[in-house]
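**Q** Reminder that position 93 of the sequence shown reads as 130 in our numbering, one-by-one numbering, no gaps.
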Amino acid sequence: MSSSASICIFCGARAGKLPVYGQAAAETGQMIADMGWRLVYGAGDIGLMGEVARAAQAAGAETLGVMPTHLVRQEVAKCDLGQLILTETMHERKKVMFMNCDAIVVLPGGGGSLDEFFEVLTWRQLGLHAKPIILLDVAGYWQPLVALLDHVVTEGFADGSMRGFVQVVPDVAALKVALTDGLK
Ligand code: AMP
Numbered sequence: 038m039s040s041s042a043s044i045c046i047f048c049g050a051r052a053g054k055l056p057v058y059g060q061a062a063a064e065t066g067q068m069i070a071d072m073g074w075r076l077v078y079g080a081g082d083i084g085l086m087g088e089v090a091r092a093a094q095a096a097g098a099e100t101l102g103v104m105p106t107h108l109v110r111q112e113v114a115k116c117d118l119g120q121l122i123l124t125e126t127m128h129e130r131k132k133v134m135f136m137n138c139d140a141i142v143v144l145p146g147g148g149g150s151l152d153e154f155f156e157v158l159t160w161r162q163l164g165l166h167a168k169p170i171i172l173l174d175v176a177g178y179w180q181p182l183v184a185l186l187d188h189v190v191t192e193g194f195a196d197g198s199m200r201g202f203v204q205v206v207p208d209v210a211a212l213k214v215a216l217t218d219g220l221k
């Protein structure tokens with residue numbers, strides 16, 4: 038399956054403070070193309086979203102972008118994607134992205150990325166899917182989130198199995214390995 042797999046990337050519509058965030062996003066796009074995978078993402082040409090997409094496209098990856106019509110200007114919809122699906126709502130966007138992917142990778146991002154992460158994590162907890170969910174922990178960005186997930190389990194608000202549904206990798210080389218294993 039991995040030769041034609043689709044990788045959904047959730048990430049910031051902003052670039053963040055550190056240049057390494059943008060570098061990791063571009064490396065991720067390049068790696069997806071190198072592996073012959075398709076990029077599925079939020080269709081924006083801004084922030085880390087734009088970095089991932091431009092790198093993936095430049096390296097020849099297939100791309101699918103999904104965006105609600107009301108964000109087309111604000112998030113600068115990338116009109117040269119292989120496929121661009123416009124949805125009516127945010128919910129529909131998440132659903133279309135999810136339905137069209139085999140694995141989910143979360144790069145540094147803000148509230149939107151967290152919302153998307155928690156939705157796929159809770160769906161996994163409920164047994165609604167078995168797709169890999171991977172946090173790309175660029176410069177330790179996701180450590181506070183990992184600590185929060187541990188806290189939730191320690192305090193008895195989630196089964197310990199929840200932590201097993203989330204893989205945390207430090208760099209794109211490790212991401213490539215985790216995706217290759219997870220897509221088998
Ligand atoms: P952010 O991580 O906040 O920069 O947002 C990343 C992406 O998530 C952007 O394309 C946002 O439009 C999107 N987003 C923001 N809020 C939500 C939400 N409630 N559900 C789904 N996507 C969202």
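Idealized CB from N, CA, C, for every residue including glycine.
If we count the other Cβ atoms within 10 Å of its Cβ and call it buried at 16 or more, is Thr-124 buried or exposed?
**A** Start at 1 with the first residue of the sequence shown, and residue 124 comes out as number 87. Of the residues assessed, Thr-124 falls on the buried side of the cut-off, its CB having 16 or more other CB atoms within 10 angstroms.
**Q** Could you pull the start and end residues of the beta strand (DSSP E) that Gln-204 belongs to?
**A** In the sequence shown, residue 204 corresponds to position 167, counting from 1. Counting along the chain, the beta strand (DSSP E) containing Gln-204 begins and ends at 203-206.
**Q** Compute every distance between the C-beta of Ala-50 and the non-hydrogen atoms of ligand 1, then say whether any falls below 7 Å.
**A** Your numbering for residue 50 matches position 13 in the sequence shown. Correct: Ala-50 has its Cβ closer than 7 Å to ligand 1.
**Q** Using a Cβ-Cβ cut-off of 7 Å (strictly less than) and excluding sequence neighbours within five positions of Lys-131, which residues of its own chain qualify?
**A** Start at 1 with the first residue of the sequence shown, and residue 131 comes out as number 94. Excluding residues within five positions, the ones whose Cβ falls inside 7 Å are Glu-153, Glu-156.
**Q** From what residue to what residue does the beta strand (DSSP E) around Pro-105 run?
**A** For the purposes of this step, residue 105 is identified with residue 68 of the sequence shown, where counting begins at 1. Here the beta strand (DSSP E) through Pro-105 covers 99-105.
**Q** Compute the beta-carbon to beta-carbon distance between Ala-98 and Gly-49, rounded to the nearest angstrom, for a pair I have assumed lies under 8 Å.
**A** Taking the sequence shown and counting its residues from 1, one reaches residue 98 at position 61. Taking the sequence shown and counting its residues from 1, one reaches residue 49 at position 12. Not quite, the Cβ-Cβ distance comes to about 20 Å (not below 8 Å), so this is no contact.
**Q** With a 10 Å radius around its C-beta and 16 neighbouring C-beta atoms as the bar for buried, classify Lys-221 as buried or exposed.
**A** In the sequence shown, counting from the first residue as 1, residue 221 sits at position 184. The residue in question, Lys-221, is exposed, as its Cβ has fewer than 16 Cβ neighbours within 10 Å.
**Q** Taking 8 Å as the cut-off, decide whether the C-beta atoms of Leu-212 and Leu-173 are in contact.
**A** Residue 212 sits at position 175 when you count from the first residue of the sequence shown. Residue 173 sits at position 136 when you count from the first residue of the sequence shown. Cβ atoms of Leu-212 and Leu-173: closer than 8 Å.
**Q** Does DSSP put Gln-111 in a helix, a strand or coil?
**A** Within the sequence shown, residue 111 is the residue found at index 74, counting from 1. DSSP places Gln-111 in coil when its eight states are reduced to three.
**Q** Could you compute how far the alpha carbon of Glu-192 sits from the alpha carbon of Leu-186?
**A** The residue given as residue 192 occupies position 155 in the sequence shown. The residue given as residue 186 occupies position 149 in the sequence shown. One C-alpha to the other measures close to 10 Å.
**Q** Under the criterion of a Cβ to heavy atom distance below 7 Å, does Glu-125 qualify as lining ligand 1?
**A** Taking the sequence shown and counting its residues from 1, one reaches residue 125 at position 88. Glu-125: no, Cβ never under 7 Å from ligand 1.
**Q** Looking at Val-175 and Pro-145, is the spacing between their C-beta atoms short of 8 Å?
**A** Counting from one through the sequence shown, the residue named residue 145 turns up at place 108. Counting from one through the sequence shown, the residue named residue 175 turns up at place 138. The answer is yes: Cβ separation under 8 Å.
**Q** Please specify which runs of the alpha helix (DSSP H), each continuous and at least 4 residues long, are wholly inside the stretch 159-198, giving them in chain order.
**A** 180-191
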